[in-house]
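Numbering (this note's numbering), first residue to last: 1 to 347.
Structure follows, in structure tokens:
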């Protein structure tokens, strides 16, 4: 079946009603769960759906047969397929192309001139897609320019950032050094990385470092629909015990630099990101949706302290709020043995 991100929620509900068995069909895919939209209904998924299907993931459908180019309210194409189709460039006046540099709107992509135009524009399309969606989700925007650098390979990425490939980019001010786009594409994480980068950038542009690390990173992974991949990463660590972390530990691990031991860094970083994602999942899905989150972020961005904004919107200060969202206490929404679907495979 062809999953349509704009119709997925209705298809899922209809399927469950037709089956009438009280159990989600195993063949359903994370892309069929309701997408994240600014004014959507929350919670989007029941405990049964999370336990049988996993977390929503709509960041792969652009690679599937049947994808249709998205259009804005004025009928202009954006996102995957808007700049190149079948490796052929689609000329447009707002896209400026140089051998080693691409500019579209507020976004600049620097890369090795050996790449063809469309090789790099595929990533710019994903950034354009994220730019059309993320600001409305979190109620934040920016007029600044974001420059993205595509290193030649993983070795160059490591030298420039000090990061392993489990960290998708290094963002400093308005400049991001990306994990090489062809590598992200090969790992089927390119769509997630683009949405995560735009979310991260907008949070930093508008709030600086005002948010605790769990909330900042949790929003990055939540808006990037990275949760199911994080669940899948946890599979290799579960035999060693719980993969969940308390909020103070999450904050400590996400606030420091990479661990000097690569394997340790990969494990603790992914675990911390997973717990941060779970905290934000609970906060948004079950405690007011994106409307409450936008109100909170707006208050902080206009000068209120995170504590005051949290008390106003959620009735708890930040320490109390974090404690109430503690994944080590609440557990995983999908249960102790959550499903491990392969999100990039077309259902």
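The beta carbon of each residue, even a glycine, is placed where N, CA and C say it ideally should be.
- Message: What would DSSP say about residue 104, mapped onto helix, strand or coil?
- Response: strand
- Task: Between the Cα of residue 133 and those of 178, 192, 121, 207, spot the shortest distance and give me the residue it belongs to.
- Result: 192
- Query: So, residue 202 versus residue 141, is the Cβ gap smaller than 8 Å?
  - Reply: yes
- Bounding residues of the beta strand (DSSP E) (the contiguous stretch that carries residue 264): No beta strand (DSSP E) contains residue 264, which is instead part of the alpha helix (DSSP H) from 262-286.
- Out of curiosity, what's the CA-to-CA distance linking residue 125 and residue 187? Rounded to the nearest angstrom, the two C-alpha atoms are 17 Å apart.
- Does DSSP classify residue 176 as helix, strand or coil? strand
- Message: According to DSSP, residue 167 sits in a beta bridge with which residue or residues?
- Response: Note: residue 167 sits in no beta bridge, so no partner.
- Rounded C-beta distance between residue 185 and residue 157? I'm assuming under 8 Å. Residue 185 to residue 157, Cβ: 14 Å. No contact.
- On a CA-only basis, which of 166, 335, 318, 251 is nearest residue 238? Give me that one, please. 335
- Round the Cβ separation of residue 120 and residue 150 to the nearest angstrom and send it over; I've been treating them as touching at under 8 Å. 7 Å
- Once you ignore the five residues that flank residue 22 on each side, which residues in its own chain have a CB closer than 6 Å to its CB? A caution first: residue 22 carries a pLDDT of 43, below 50, which makes its placement in the model too unreliable to give a value.
- Task: Measure the alpha-carbon distance for residue 300 versus residue 88 and round it to whole angstroms.
- Result: 44 Å
- Query: Along the chain, where does the beta strand (DSSP E) that runs through residue 148 open and close?
  - Reply: 146-149
- Item | Cβ neighbours of residue 84 in the same chain (closer than 8 Å, five flanking residues each side left out) | 90, 117, 118, 121, 122, 125
- Compute the Euclidean distance between the alpha carbons of residue 26 and residue 99, then round it to the nearest angstrom. For residue 26, the pLDDT reaches just 43, beneath the cut-off of 50, and the residue's location in the model is therefore unreliable, although a value from the coordinates is still provided. Cα-Cα distance, rounded: 47 Å.
- Can you name, in chain order, every residue of its own chain whose Cβ lies under 6 Å from the Cβ of residue 147, other than the five neighbours on each side? 108, 175
- Note down, one range per segment and in chain order, each beta strand (DSSP E) of at least 3 residues found wholly within the segment 67-154. 95-98, 101-104, 107-110, 146-149
- So the alpha helix (DSSP H) residue 195 belongs to, where does it begin and stop? 190-207
- Anyone know if the C-beta pair for residue 183 and residue 165 falls short of 8 Å? Going by C-beta atoms, residue 183 is nearer than 8 Å to residue 165.
- Task: Verify whether the separation of the beta carbon atoms of residue 213 and residue 255 is less than 8 Å.
- Result: yes
- Query: Expressed to the nearest angstrom, what Euclidean distance is found between the alpha-carbon atoms of residue 252 and residue 92?
  - Reply: Roughly 46 Å between the two C-alpha positions.
- Based on Cα-Cα distance, which residue from 319, 320, 297 lies nearest to residue 309? Nearest C-alpha to residue 309: 297.
- Query: Given a threshold of 16 other Cβ atoms within 10 Å of its Cβ, counted over all protein chains shown, does residue 342 qualify as buried or as exposed?
  - Reply: exposed
- Local conformation of residue 181 per DSSP, three classes: helix
- Message: Can you find the residues in the same chain that come closer than 8 Å, C-beta to C-beta, to residue 102, ignoring five residues on each side of it along the sequence?
- Response: 95, 96, 108, 109, 111, 117, 120, 121, 124
- Message: Would the segment 277-290 count as touching the segment 319-335 if we require 3 or more Cβ pairs under 8 Å?
- Response: In short, these stretches touch, since the Cβ pair count reaches three.
- So what does DSSP say about residue 229, is it helix, strand or coil? helix
- Given residue 73, which residues of its chain have a CB within under 6 Å of its CB, disregarding the five upstream and five downstream residues? none
- In whole angstroms, what separates the C-alpha of residue 314 from that of residue 292? 8 Å
- Task: With a 10 Å radius around its C-beta and 16 neighbouring C-beta atoms as the bar for buried, classify residue 340 as buried or exposed.
- Result: exposed
- Item | Boundaries of the alpha helix (DSSP H) in which residue 300 is found, first to last residue | Residue 300 -> alpha helix (DSSP H) spans 289-301.
- Task: Take the Cβ of residue 79 as the centre, count every other Cβ of all protein chains shown within 10 Å, and call the residue buried at 16 or more, exposed below.
- Result: Residue 79 should be labelled buried.
- Round the Cβ separation of residue 43 and residue 285 to the nearest angstrom and send it over; I've been treating them as touching at under 8 Å. 4 Å
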